[in-house]
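What follows is a short report on a single structure.
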Amino acid sequence: MPTYRTCYHFNSAIVRKPSPSVVHGLRADDRGNPEYEGVKSEHEAYVQALETAGMTVTVLPALDAFPDSIFVEDPALVFSEGAILLRPGAASRQGETKEIAPALHDNFDRVLELPESGYADGGDILVTPKSVKIGLSARTDL
25 MPTYRTCYHF
35 NSAIVRKPSP
45 SVVHGLRADD
55 RGNPEYEGVK
65 SEHEAYVQAL
75 ETAGMTVTVL
85 PALDAFPDSI
95 FVEDPALVFS
105 EGAILLRPGA
115 ASRQGETKEI
125 APALHDNFDR
135 VLELPESGYA
145 DGGDILVTPK
155 SVKIGLSART
165 DL
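Counting with our numbering, you get residues 25 to 166 for the letters of the sequence shown.
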């Protein structure tokens, strides 16, 4: 019988600074736009918490053209063995994969890309110790 990990140990993280355009990003519900200074402050605290936990943090520059690019888990799926460049289905996010690719190639020996057809957003993916589940949504059709 195979042995599966029941938890994961992380020692590094890739994050992206928020740009002022984050206030115009996609929203699950309409509760108004966040204040940029608040998002920036929360992000700085998040990075500090990761570093305090002993993680090595790669901080990528803000991308004003991509308001939601602070959510680096959406254009990439990362495992200890390597990474997969995804293709988020939201039109406003479709350039993010190209922007995060260099950081993934710098941090992983193996980086795969999805085929040209179809979309997959990391927000629709659940990784469990035994499998990877991919849900269908307006942003994922694989």
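Ideal placement from N, C-alpha and C gives every residue a C-beta, glycine not left out.
Residue interval of the alpha helix (DSSP H) (run including residue i)
i           : result
residue 149 : Premise fails: residue 149 lies in the beta strand (DSSP E), 149–151, not in any alpha helix (DSSP H).
residue 71  : 60–76
residue 127 : 120–131
Separation of residue j from residue i, as counted between CA atoms
i           : j           : result
residue 62  : residue 51  : 16 Å
residue 123 : residue 148 : 20 Å
residue 152 : residue 103 : 11 Å
residue 71  : residue 130 : 20 Å
residue 54  : residue 164 : 22 Å
Residues near residue i by beta carbon distance below 6 Å, same chain, minus five either side
i           : result
residue 157 : 150
Contact set for residue i: own chain, Cβ-Cβ below 8 Å, skip 5 residues either direction
i           : result
residue 127 : 38, 82, 84
residue 109 : 99, 100, 121, 124, 125, 128, 135, 136, 137, 138
residue 78  : 35
Residue i vs residue j beta-carbon contact at 7 Å
i           : j           : result
residue 112 : residue 45  : no
residue 142 : residue 166 : yes
residue 94  : residue 58  : no
Boundaries (first-last residue) of the beta strand (DSSP E) holding residue i
i           : result
residue 36  : 36–40
residue 106 : 106–109
Close-in-space but distant-in-sequence residues of the same chain around residue i (CB under 7 Å, 5 per side omitted)
i           : result
residue 132 : 106, 107
Neighbour flag for residue i against chain B, beta carbons, 7 Å
i          : result
residue 91 : Protein chains in the displayed structure number just one, and chain B is not present.
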